[in-house]
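Sequential numbering from 1 applies to the first sequence in full-length UniProt numbering. Notes to accompany the following structure.
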Amino acid sequence: MSGDHGHGDSQVNSGSKGSDTHKHKDKHKDKEHRHKDHKKDKEREKLKHGNSEHKDHSEKKHRDKDKEKLKHSNGSSDKHKEKHKEKDKDKEKRREEKIKSSHVDKPKKEKENGYVRDTSPAAIKSEPEEDNGFYPSPQHNKTSKREYDDEEFEYKPKKVKTEHDKKAKKRKHEYEEDEEEDEDIKPKKKTKDKKVAEGKKAKKEEEEKWKWWEEERSTDGSKWRFLEHKGPVFAPPYERMPDKVKFYYDGKPMKLNAPAEEVATFFGKMLDHEYTTKDIFRKNFYKDWRKEMTSEEKSKITDLNKCNFSEMNDFFKAQSEARKQMSKGEKLKIKEENERLLQEYGFCIMDNHKERIGNFRIEPPGLFRGRGDHPKMGMLKRCIRPQDIIINCSKDSKHPKPPPGTKWKEVRHDNKVTWLASWTENIQGSIKYIMLNPSSRIKGEKDWQKYETARRLKKCVDRIRTQYREDWKSKEMRIRQRAVALYFIDKLALRAGNEKEEGETADTVGCCSLRVEHIKLYPKMDDQEYVVEFDFLGKDSIRYYNKIPVEKRVFKNLQLFLENKQPEDDLFDRLNTSILNKHLQELMDGLTAKVFRTYNASITLQQQLKELACPDDSLPAKVLSYNRANRAVAILCNHQRAPPKTFEKSMQNLQTKIDEKQNQLSAARKQLKAAKADHKASHDDKSKKILEMKRKAVQRIDEQLMKLQVQATDREENKQIALGTSKLNYLDPRISVAWCKKWVVPIEKIYNKTQREKFAWAIDMAEKDYEF
DNA sequence: CAGATCACTTAGAAGATAGTTA
DNA sequence: TAACTATCTTCTAAGTGATCTG
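See the structure below:
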């Protein structure tokens, strides 16, 4: 099968839907969706698993689910907030208790032994700064490692592997549980003494590349033993517009008070953005803006359409222009200031190591930019103050100081969580966190673990597939639904699809929350039977559109699920993510719906890399193959991007370059020919030299041309596909590392600096024969 | 047991920077 | 040497899923 059933016809879903009175559907319709082309369908086709046919069973009818739920009014956002407030106090009390107890029932002695000694702030602070500043110095490093060796400390480095070989293996197996072996354990069996003997610099480097993956993991559920940081960086306070920058109402200049002006500038900044043309955005903005106005302003300003923010907009444009035009010196100064801030606030100390913080800046106030048709777009995101922030750190660390004259909301010491600070955001009432960078131990370990879980799924996926196929025949509706949903999750890499509160967010769905209106069944379509067409908005309101032939039994089940339902009813009315995950948990420890995405993504990459392997390819061609494999995954996971605005142009530029190069090549070839003739005639050294030169030139140009052509292909195929997300979140980096090693491709061709930092563990541990 | 809450991962867009070219 | 553009980095929204709670 192939992609020829793709869609020049993106309206396919408007056919038989009959009445258009369902709000969900309407919402979808005025959206512009990003479409994918045939390629994608084709790729998907390739990627699916085998199938076979079974006979179908009849089934008892299911009851309709209570639809009232879907219909309650949603004008209750204020009520909602009140609720939040009231509950706040309660919540905090509860939490306090929780933390207290978690501290109490911890074996105190061990803990204190653990870190008072090892990670006292003083020990780290006293590190000589010249030592590149970032990392604890070698001396410290060594000391702490030695102390690590004391019994009962859990983060035992394995550098002393010779002595702790058993433990080393134990940990490995804990994770991998693979039939694999020891050969994985690398020969870094340096002895301590040897290390001491090594130069300071060497040791420094080693610390720079702390190999947390060679150490033991904590087993007691605590995420750290010691945590010290300086708290977040706050957004600078609002600066008034210069007087010359005027706001006009109804054509007349009007001076706004600071709060109203600030909010106005948020809007003014965005004037070029499509958001500001959307009704909901404008309505929400206007409503929140008015809250900042004085009563005088309120009575004057009664219509957003009469507001003119264009001078503000010009001002910001000029400002950013000016920034670009700044002299080198000025730019450097800013850079240095940023660097200083990063040094001071961008790192924390967690268990002996200086680790990079992911987002140490508090989100500045502004207008909420929800994705898709978000009902709250345009609302004011309020400024976060110290008294909104909860700090999390070690009791015995130097606590971060709030800015002068302010207080933190709370300082707590919860080592069951990984965040350093948190606050509650005012749009959805959700909690935001400050956490560590992906290169940190705490993130890396989790990431590694994620791929190990996916590898465990690999071992039992056949069994699970057999089982859900069996379940398609179940007498119970809920089991059939569960089985069909799981099939979609497995085959199509759909997300789980938690329920969401209606009216609070954009209307998007995942597998379990699919509605009748999101699929269409075609018993026959062209040369295929039992085709299901999916058309819905997924995470970030990215459209998922796909037509796939399914097994007859699945098809019949779907027909059954659709019986007597309205378009806005749930397709799987007897299923939700928690039911599904509970079931999965029983099938394999740690299995949840999202593991399938990870598994299928990684296994696809591995397969594709094998298939596309071509040993004789040039380096760029190999990289292209890799990108193609990556792309297959991105397509599977539906990772899309808006085609870059300059795409067409940049494609053209590239083509021009190619043409030029081609001309160059033919010119060089001519010259080579001439040189050959020359040499034949004279047979002297000089002509020989020239001949060689020309020959090399041709070769060089030819390579350059190839490279350009490959680049063009790659870019074209990438037009609306985003590779980054899968590379960063779904593909076991060890597959890529192994591939690089096998084909002698420098890892830099695949991962940039940030990515190499994130995947340092994989780069260090994967050998060329690594199997996912 | 359903809904709320919390912590954490996954996501595309925007913004910043680096590299290239006119 | 500015302008352009490709790539990297940051930002923060939007998911998942575990746990708590009434």
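Think of the CB as a built atom: it goes at the ideal place given N, C-alpha and C, for glycine as much as any other residue. These numbers were taken from a predicted model, which means no experiment stands behind them.
Closest residue to Ser-455 among Ala-621, Asp-388, Val-595 (Cα-Cα distance): Note that residue 455 corresponds to Arg in the displayed sequence, not to Ser. It is Val-595 whose Cα lies nearest to the Cα of Arg-455.
Given Pro-365 as reference, the closest of Val-411, Ile-750, Phe-266, Lys-458 once Cα atoms are compared: Phe-266
Rounding to the nearest angstrom, what Cα-Cα distance links Asp-56 and Lys-473 in this structure? The pLDDT assigned to Asp-56 is 35, lower than 50, so where the model puts this residue is not dependable, and the model offers no usable value.
For the segment 383-467, which segments carrying the alpha helix (DSSP H) assignment without a break, of at least 4 residues, lie completely within its bounds, in sequence order? none
Let me check one thing: in DSSP terms, what residues is His-353 bridge-paired to? Met-350
Going along the chain, which residues of its own chain have a beta-carbon closer than 6 Å to the beta-carbon of Glu-151, five neighbours each way excluded? A caution first: Glu-151 carries a pLDDT of 27, below 50, which makes its placement in the model unreliable, though a value can still be read off. Closer than 6 Å at Cβ, skipping near neighbours: no residue.
Please name the residue, chosen from Trp-419, Pro-386, Asn-284, that lies closest to Lys-223 on a Cα-to-Cα basis. Trp-419
Check whether Lys-565 and Val-516 have beta carbons under 8 Å apart: yes
Cut-off 7 Å between Cβ atoms - residues of its own chain near Asn-557, not counting five sequence neighbours on either side: Trp-472, Arg-480, Val-484
Only counting the same chain, and skipping five residues up and downstream in sequence, which positions put a Cβ closer than 6 Å to that of Lys-283? none
In this structure, does DSSP put Leu-380 in helix, strand or coil? strand
What do you get for Ile-763, buried or exposed, if any count of 16 or more other CB atoms within 10 angstroms of its CB means buried? buried
Distance between beta carbons of Val-509 and Phe-488, contact taken as under 8 Å: That pair is no contact at about 12 Å.
Pairwise C-alpha distance: Lys-520 and Glu-533: 5 Å
Could you round the C-beta distance between Cys-512 and Leu-580 to whole angstroms and report it? I think they count as a contact, below 8 Å. 6 Å
So Leu-708 packs on Lys-661, CB below 8 Å; how close in whole Å? 6 Å
Limits of the unbroken alpha helix (DSSP H) element including Asp-535: Looking at the DSSP string, Asp-535 is not in any alpha helix (DSSP H); the run it does join, the beta strand (DSSP E), is 528-537.
Quick check: what's the CA-CA separation for Pro-386 versus Gly-405? 10 Å
Assigned secondary structure, Lys-244 (DSSP; H/G/I helix, E/B strand, else coil): coil
CA nearest to the CA of Tyr-275, picked from Asp-527, Lys-459, Pro-375: Pro-375
Can you name the start and end residues of the alpha helix (DSSP H) that Lys-676 belongs to? 647-682
Ala-667: which of Ala-697, Gln-655, His-639 sits nearest, CA to CA? Ala-697
Using the three-state DSSP reduction, which class does Cys-614 fall into: helix, strand or coil? coil
For the alpha helix (DSSP H) containing Met-693, list its first residue and its last residue. 685-717
Cβ of Asn-308 within 8 Å of Cβ of Lys-269? no
Taking the Cβ atom as the reference point for each residue, do Ala-601 and Ala-496 lie within a distance shorter than 8 Å? no
Could you give the first and the last residue of the continuous alpha helix (DSSP H) run that contains Arg-371? Premise fails: Arg-371 is in no alpha helix (DSSP H) and is neither H nor E.
Applying the criterion that 16 or more other CB atoms from any shown protein chain within 10 Å of the CB defines a buried residue, is Cys-460 buried or exposed? exposed
What whole-angstrom Cβ distance do Gly-538 and Tyr-544 have, given they're in contact under 8 Å? 5 Å
Those residues which DSSP pairs with Asn-546 across a bridge: Phe-534
According to DSSP, residues forming a beta bridge with Arg-361: Val-233
Proximal residues to Met-588 (C-beta, below 6 Å), its chain only, five neighbours per side dropped: Cys-460
Quick one: grab the DSSP three-state call for Asp-570. strand
According to DSSP, what are the bridge partners of Asn-308? Tyr-248
Is Val-378 near Ile-280, with beta carbons less than 8 Å apart? For clarity, residue 378 is Gly in the given sequence; the question names Val instead. Result yes, Cβ atoms of Gly-378 and Ile-280 sit closer than 8 Å.
Counting C-beta neighbours from all protein chains within 10 Å, is the total for Asp-769 16 or more, i.e. buried, or is it exposed? exposed
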